[in-house]
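Peer 1: Residue numbers (the working numbering), protein chains in the order written: chain A, 128 to 641; chain B, 255 to 668; chain C, 3 to 320.
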Amino acid sequence: MRGIPKHSQSRSESLVRMKSIVKAFSGVRVLHGVDFEVRRGEIMALMGENGAGKSTLMKILVGVYDDWEGRISIDETERRFTDTREAEKAGIAIMYQEINMVPELTVAENIFLGREPCTWGGCVDYIQMNRMAESILADLHFTVPVTTPVSQLRVGLQQLVEIGKALSLNARVVIMDEPTSALSKREIETLFSVIEKLKSRNVSVIYISHRIGEVFRVADRVTVLRDGRTVDIKHVEDLNRQDLIGMMVGRRFDQFFVKEGHPEDDVVMRVEHLTRIQPNRQGKPLIEDVSFELKRGEQLGIAGLLGAGRTELLEALFGVDSENTTGTVEIEGKAVHFSHPHHAMDAGMGLITEDRKGSGLVLGMSVEHNMTLAALKAILTFIFISRKKERNLSKAYMNRLSINVPDLDNPIDTLSGGNQQKVLLAKWLAIHPKILLLDEPTRGIDVGAKHEIYLLLSKLVKQGISIVIASSELTELLSLCDRIMVLREGKLSAIFSRDEATQEKIMEAAAPVG
Amino acid sequence: MIKTRMNVVYASNIKLLFRRLGPFMGLIAIFAAGVFLNGSTFLNLYNQLNVLGRISIIALPAVGMTLVILTAGIDLSVGSMVSLSSVVCAMLLMERTWTKATSIAVPVFVFLCLVIAFTLTKRFLRRHISNSKVVSLFSLIVGSSIGFMVFLLMSRQVATGFKTLTVLLVVPVLGLGLGTLTGAVIAKGKIQPFIVTLGMMSGAVGLAKFIAGKGGQIHPIYYQATGYTAEGTTQMAPQSFDMLSGKIALFGMDLFPITGLFFLAAVLIVHFILTRLRLGRHIYAIGGNELTARLSGVRVERVKILVYGISGGLSALAGVLYCASYTQGKPDAGATWELDAIAAVVIGGTSLMGGRGTVLGTMVGVLILGYLSNILNLQEVPSEVQDILKGIIIIGAVLLQEGAVVRWFRRLKK
Amino acid sequence: MNTKIFNKRVWIIFLVVGFVTGCQKTTKDGKWIIGFSQVTVKEPWRVVFNENLKARADLMADKVDLIILDADDKTENQVEHIRTFISKGVDAILISPKEASGCSKAIQEATEAGIPVIVLDRNTTYKGYAAFVGADNKVIGRAAGAYAVELLGGPGKAKGKIYEICGSLASTPAQERRDGFHEIVEQESGITILGGLDGDWKLDRGKTIAQDAFQVHKDIDIVYAHNDPMAYGAYQAARELGIHEHIKFFGIDGLPNEGCVWVKNGILTATFLYPTPGEAGLNVALDILERRKAVLPGETITLPTSTITQENVDAFLK
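1) Select from Glu-316/A, His-337/A, Ala-298/A and Ile-339/A the residue whose C-alpha is nearest the C-alpha of Val-330/A.
2) Kindly indicate if chain A contains any beta-carbon less than 9 Å away from that of Arg-377/B.
3) Interface residues of chain B around Arg-85/C at Cβ under 7 Å?
4) Using the Cα positions of Leu-432/B and Leu-314/B, report the straight-line distance between them to the nearest angstrom.
5) Name the chain B residues that come within less than 9 Å of Gly-104/C, Cβ to Cβ?
6) Just the Cα atoms here: how many angstroms apart are Leu-240/A and Met-185/A?
7) Measuring only the C-alpha atoms, how far is Arg-308/B from Gly-460/B?
8) For Lys-632/A and Val-652/B, what's the separation of their Cα atoms in angstroms?
9) Taking the continuous beta strand (DSSP E) assigned at His-400/A, which residues delimit it?
10) Going along the chain, which residues of the region 57-87 of chain C sit with their C-beta nearer than 9 Å to a C-beta in chain B?
11) Could you work out which residue in Val-599/B, Leu-275/B and Ile-282/B is closest to Val-620/B when comparing CA atoms only?
12) If you count every other CB in all the chains shown that lies within 10 Å of the CB of Ala-283/B, and 16 or more means buried, which is it?
13) Please go through the same chain and pick out, in chain order, the residues whose beta-carbon is closer than 6 Å to the beta-carbon of Pro-624/B, but skip the five residues on each side of it.
14) Quickly, what does DSSP pair Pro-406/A with across the bridge? List them, please.
15) Near Leu-55/C, what residues of its chain come up, given a Cβ to Cβ distance below 6 Å and the 5 sequence neighbours on each side ignored?
16) Name the chain A residues whose beta carbon is nearer than 7 Å to that of Arg-610/B?
17) Among Ser-173/C, Gly-197/C, Gly-253/C and Phe-216/C, whose alpha-carbon lies nearest the alpha-carbon of Gly-244/C?
18) For the region 551-568 of chain B and the region 318-330 of chain B, state whether three or more C-beta atom pairs, one from each stretch, are separated by less than 8 Å.
19) Just checking: is the beta-carbon of Thr-271/C within a distance shorter than 9 Å of some beta-carbon in chain B?
20) Would DSSP call Lys-27/C helix, strand or coil?
21) Using a threshold of 9 Å, state whether the C-beta atoms of Asn-497/A and Lys-554/A are closer than that.
22) If you run the structure through DSSP and keep just helix, strand and coil, what is Leu-653/B?
23) Does Pro-474/B come out as helix, strand or coil in the three-state DSSP assignment?
24) Output the distance between the C-alpha atoms of Met-256/A and Arg-281/A, rounded to the nearest integer angstrom.
25) Verify the CB distance criterion: does Ile-596/A have a CB-CB separation below 9 Å to chain B?
26) Taking Ala-430/A as part of the beta strand (DSSP E), name the residues at either end of that continuous run.
27) Buried or exposed: Ile-523/B, going by 16 or more other Cβ atoms within 10 Å of its Cβ?
28) How would you write the range of the alpha helix (DSSP H) that Met-374/A sits in, first residue to last?
29) Give a yes or no on whether the minimum CB-CB distance between Ser-39/C and chain B is below 9 Å.
30) Am I right that Ala-287/C and Pro-46/C are in contact with their C-beta atoms under 8 Å? What's the rounded C-beta distance?
31) Return the chain-ordered list of same chain residues with a C-beta closer than 6 Å to the C-beta of Asp-393/A, the five sequence neighbours on each side being excluded.
32) If distances are taken between C-alpha atoms only, which option among Arg-124/C, Ala-148/C and His-248/C comes closest to Gly-268/C?
33) Identify the contact partners of Ser-486/A in chain B, using a Cβ-Cβ distance below 7 Å as the criterion.
34) My understanding is that Tyr-562/B touches Asp-329/B, with C-beta atoms under 8 Å, so please give their C-beta distance in whole angstroms.
35) When the Cα atoms are used, what is the spatial distance from Glu-627/A to Asp-609/A?
36) How many Å lie between Gly-180/A and Val-450/B at the Cα?
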């Protein structure tokens, strides 16, 4: 495994220095005084769990946000960018995880978007533009003609175009956010040689990735963030894989919630060889050959990185996108095939999605109507909806879940996030499910409401309901679950029992190899 | 009803106020304007019944349109459906042989009867017999025989000219069938409603012209009685059909137009569906957030197909009423009616984005537009000016409902 | 919300005042109020129609109050016009309907409400009206047919091809102009009549139909259009192809500022007078109202026609 020569003892000057960066969104702090530094010609890896604050920090650096505290210095001069143009001019370029180009325009046009060279008359000088593009891309081993529309290029080549764009802006720092997630092995090698080239030109690279192996190959130093704080900055040679993982997750595990109850012995759901391919039939499958069991009264957690397939797995179980899903699912011994969510509901399954506003609630409807939407069958008199039964049901759940609403007819968007989540919970409890699937159930909720929901879930499992929770909060999974399964790039990587699970082990199982 | 408890919700309540009560206030305002401008000419029974009778015909597509718009869709084909069904209706009543009209109307109706008989038999038998093959076979036999019987009954009417009740059944069913087809293409083909209904709009008119013959001729209705003679022909439509254009009379006084009865019935039934049936909740959910609806177990495709079917059926019924009121069927009978239907729905407070609105609001919207045109007619305002005023009212109504006017006022206050 | 909107008392007073002032009086100063619904003013013939009628009404301004409404070529509007007239309690209604069947019910309503309805120019399916006034379009058609036969060689020996452009076939005039023409011309075995498409009385439609016709048929002798504008449109089409010298154009209407001018300039070979029935209709209405005439439902009053050619056109150019 050929690596890149390191500047381990170099005395390079600091190019970018960020000190005590604090950022909050709607009053909730996500960065608590982060320090970050990149030297000239250095390749700095930036690592941390989901939600550690990496993207936010980089967005501040490139000028996307302008309401933050702290200091940023470029070349020892203090700067404060008000927009991305300014940051670009200062030599900071970013390659987002999603390709940020106009698909119908050519390679050259995308590189010079907004800065097209013009002739005297004011028309775009295509000859000039194409020539300039070619010379920039020549160094990057880019052989495709610059007049090709970007949409026809593979992701790997598109990334090279983005790098070309950055170079054309005379960038001195290039930020790469998960650059290899969509690349083939060969393209990754090309990317590494390009990074090497950049380094030889004294261009710094900030390399954000979860792939520990790559970090070890490419980076000089690595900064690890955790929960919005800088854990440490170390030279890569001084670390090994375990150290790195420990840095990323090693928080004090205050189990502020004590779990009660044990799962019973009989299996309520058995999943075998569940595979779900992408809708366009291209690329890697979203879930590949996942098999597991769910016992009655069990709380099973699903851990994994962004894009590992947690949400896709829950959706597949619920009958969403059944045309692209294969495998067998048995519920209480009977084989089932859900082609539509309502089949799953009839079998006693419910799904609380991770985006409550986007796919969990109907924002225009009242609290009450949202609560009864899935359970309309239960409030009928003959075929009519009984207002009385509906009111009784909603009142009952309001009390049971301690939802604080002055008026049940208020539109649901007047409620707080925590209350909305409780309404969602009530909605699915109303169908008396046997199996409840939850995707990020406590995202964006204050601590108090979180605790209430944990208590509720405990009560449910005691009644014999089985719960599957997908979450990116490791502490949550460790507090609640009897077992935790870990997904890695669509495949089942590990299943830990409650006793043996630790944050490090989960992280290790979740992080991509290589 | 509208609560103004906290200052925070004041804003949304103003909007709610305008949205819920706004149309109604608008109706009162326009009614008052009518009284003010035209006095007893406006207020007298003859005029009121006239307006009511006339708007009841356009109101039916508007009611159907409400359902479609509530699911965040749109149906541009309602006008063409009215035209097509007016032609089919006229031909069914007047012709005495198998024509293109009967060739399309009879099969659709027979097919529907077959499907209904089949489904009902299947449901009934499934409870008692377990072998599903036997159940299906038996239901197919029952369905086909009933379908065949219906076909025989209808064939007899082809030779004698259709009866009024038959036409009232067969033509709306044709509209229901075409609407269901539209809905299926939208729901299963996942194509935008605008495009599909635009295509149906064009197709239905073409079909109407084709069925009418000679590039789209008019088919007049003749009756035996009172001066409606047809030169050279002896075929007449049943006198009972003329009743559809008339009024209910008591003690020698006209009381209520028959078309108004259809209007009222449609409004009440749809209102009932929206407020008391699961289907209504599903419709609101689909319009509010289709993804959530699907993930909550709503069979989105089925509801959409049904909604477009209802829209087609109501439009076809309007075509029958048109035929009675204007004693003719022609391929441009309902031209531009879709715009009036959409206008009525919007004025009535339903949002074009879906998920919000009531059919009572549409009823008010229809009344407002009807009174507007009536007042302007009584004032002898030329029709171009009427169209301009109509446009102003539509835009004004939407602005008020979306709170734009209120925001503007508040900004002025500051 | 205690805004002024709901202040009931103000509203009631407002309404009462409005009501009283707004009531329409039925007979203004003892004059007869007559309402006229014209189908459209998009055709030049109808513009003259309205002008002639208005002129006649102005002459009798001391005893007649004429309301002219334009229906913008829509049947529904005409029905509303009639209902408006009934609401206002007019004394008589004149109407030139768009379609034979569309206004029938409304005319029936008016008649049953005791208001005499005089139908002008186009006939309706309901025959219970007070009177129908119009030229006999069959007679006109026959006259056109006779003249065509004469130009093509005379009765018994006529040879040639005639291309026909019809008016709106939904209306009786077009049907009658076609039927009358065919009645005469079809007796000649040597003449073929082609065409028969619906030009809806409009010049641009006539031109479009003629353009396509000239592509298909290369040796047309006469173009017979049901009105002058359509004939002129056909002439324009022929002119663009350079074949206008070889074809004779027949129109109908004979308006002094239009068809007659075209005859004089040699564009049209002949036109046939279709007198505007407005004045005659008004006279009939007054006759009925002033009780000089009994109402015989379905009565038809026919206006005479003339053949207008180069020879006699000056008499018609006023």
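All residues carry an ideal CB built from backbone N, CA and C; glycine is no exception. Here the structure is a predicted model, which is why all the values come from computation and not from measurement.
Peer 2: Taking the geometry as given:
1) Within the first sequence, residue 330/A is the residue found at index 203, counting from 1. Of Glu-316/A, His-337/A, Ala-298/A and Ile-339/A, the residue nearest in Cα terms is Ala-298/A.
2) Position 123 of the second sequence, counting from 1, holds the residue named residue 377/B. Output row for Arg-377/B: interface = no.
3) In the third sequence, residue 85/C corresponds to position 83, counting from 1. Under the 7 Å cutoff, chain B gives Asn-304.
4) Here the question's residue 432/B lines up with position 178 in the second sequence. Here the question's residue 314/B lines up with position 60 in the second sequence. Between Leu-432/B and Leu-314/B, the C-alpha separation is close to 16 Å.
5) For the purposes of this step, residue 104/C is identified with residue 102 of the third sequence, where counting begins at 1. Near Gly-104/C (Cβ distances below 9 Å), the residues of chain B are Ile-472, Pro-474, Tyr-580, Thr-581, Gln-582 and Lys-584.
6) In the first sequence, counting from the first residue as 1, residue 240/A sits at position 113. In the first sequence, counting from the first residue as 1, residue 185/A sits at position 58. Going by the C-alpha atoms only, they are around 22 Å apart.
7) Against the second sequence, residue 308/B aligns to sequence position 54. Against the second sequence, residue 460/B aligns to sequence position 206. Cα to Cα, the separation comes out at about 26 Å.
8) Position 505 of the first sequence holds residue 632/A. Position 398 of the second sequence holds residue 652/B. So the two alpha carbons sit approximately 58 Å from each other.
9) As a first step, residue 400/A is located in the first sequence; it is residue number 273 there, counting from the start. Start and end: 394-403.
10) Ile-69, Leu-71, Asp-72, Ala-73, Asp-74, Lys-76, Thr-77, Glu-78, Asn-79, Val-81, Glu-82, His-83, Arg-85 and Thr-86
11) The count along the second sequence starts at 1 and reaches residue 620/B at position 366. With distances taken between Cα atoms, Val-620/B lies closest to Val-599/B.
12) Along the second sequence, one-based indexing puts residue 283/B at 29. Answer is exposed; the Cβ neighbour count stays below 16.
13) Residue 624/B sits at position 370 when you count from the first residue of the second sequence. The amino acid occupying residue 624/B in the given sequence is Gly; Pro does not appear at that position. Excluding residues within five positions, the ones whose Cβ falls inside 6 Å are Val-305 and Ile-309.
14) What you label residue 406/A is simply residue 279 of the first sequence in a count that begins at 1. Its beta-bridge partners do not exist; DSSP assigns none.
15) Position 53 of the third sequence, counted from the start, is the residue given in the question as residue 55/C. Excluding positions up to five away in sequence, the list reads Gly-280.
16) On the second sequence, position 356 is the one that residue 610/B refers to. Here the neighbours are Gly-491.
17) Your numbering for residue 244/C matches position 242 in the third sequence. Measuring from the Cα of Gly-244/C, the nearest candidate turns out to be Phe-216/C.
18) yes
19) Translated into positions along the third sequence, residue 271/C becomes position 269. So, not an interface residue.
20) By one-based count along the third sequence, residue 27/C stands at place 25. In this prediction, Lys-27/C scores a pLDDT of 45, lower than 50, which makes its location untrustworthy; no coordinate-derived value is stated.
21) Within the first sequence, residue 497/A is the residue found at index 370, counting from 1. Within the first sequence, residue 554/A is the residue found at index 427, counting from 1. In this structure, Lys-554/A lies closer than 9 Å to Asn-497/A by Cβ.
22) Taking the first residue of the second sequence as 1, we reach residue 653/B at position 399. It is helical.
23) Position 220 of the second sequence, counted from the first residue, corresponds to residue 474/B. If DSSP states are grouped into helix, strand and coil, Pro-474/B belongs with the strands.
24) By 1-based counting over the first sequence, the position of residue 256/A is 129. By 1-based counting over the first sequence, the position of residue 281/A is 154. Roughly 22 Å separates the two Cα atoms.
25) Position 469 of the first sequence, counted from the first residue, corresponds to residue 596/A. Output row for Ile-596/A: interface = no.
26) Working through the first sequence from its first residue, we reach residue 430/A at position 303. First-last of the beta strand (DSSP E) with Ala-430/A: 426-431.
27) Position 269 of the second sequence, counted from the start, is the residue given in the question as residue 523/B. It is exposed - the Cβ of Ile-523/B has fewer than 16 other Cβ atoms within 10 Å.
28) Within the first sequence, the letter at position 247 stands for residue 374/A. Counting along the chain, the alpha helix (DSSP H) containing Met-374/A begins and ends at 368-376.
29) Looking up residue 39/C in the third sequence gives position 37. It does not; no Cβ of chain B falls within 9 Å.
30) As a position in the third sequence, residue 287/C is number 285, starting the count at 1. As a position in the third sequence, residue 46/C is number 44, starting the count at 1. About 25 Å separates the two Cβ atoms, so there is no contact after all.
31) If you number the first sequence from 1, residue 393/A lands on position 266. Arg-423.
32) Taking the first residue of the third sequence as 1, we reach residue 268/C at position 266. It is His-248/C.
33) Taking the first residue of the first sequence as position 1, residue 486/A is located at position 359. Per Cβ cutoff of 7 Å: Leu-545, Thr-546 and Leu-549.
34) As a working mapping, residue 562/B is identified with position 308 in the second sequence. As a working mapping, residue 329/B is identified with position 75 in the second sequence. Indeed they touch by this definition, with Cβ atoms about 6 Å apart.
35) Working through the first sequence from its first residue, we reach residue 627/A at position 500. Working through the first sequence from its first residue, we reach residue 609/A at position 482. When rounded, the distance between both Cα atoms is 11 Å.
36) For the purposes of this step, residue 180/A is taken as residue 53 along the first sequence, with counting starting at 1. For the purposes of this step, residue 450/B is taken as residue 196 along the second sequence, with counting starting at 1. Cα-Cα distance, rounded: 46 Å.
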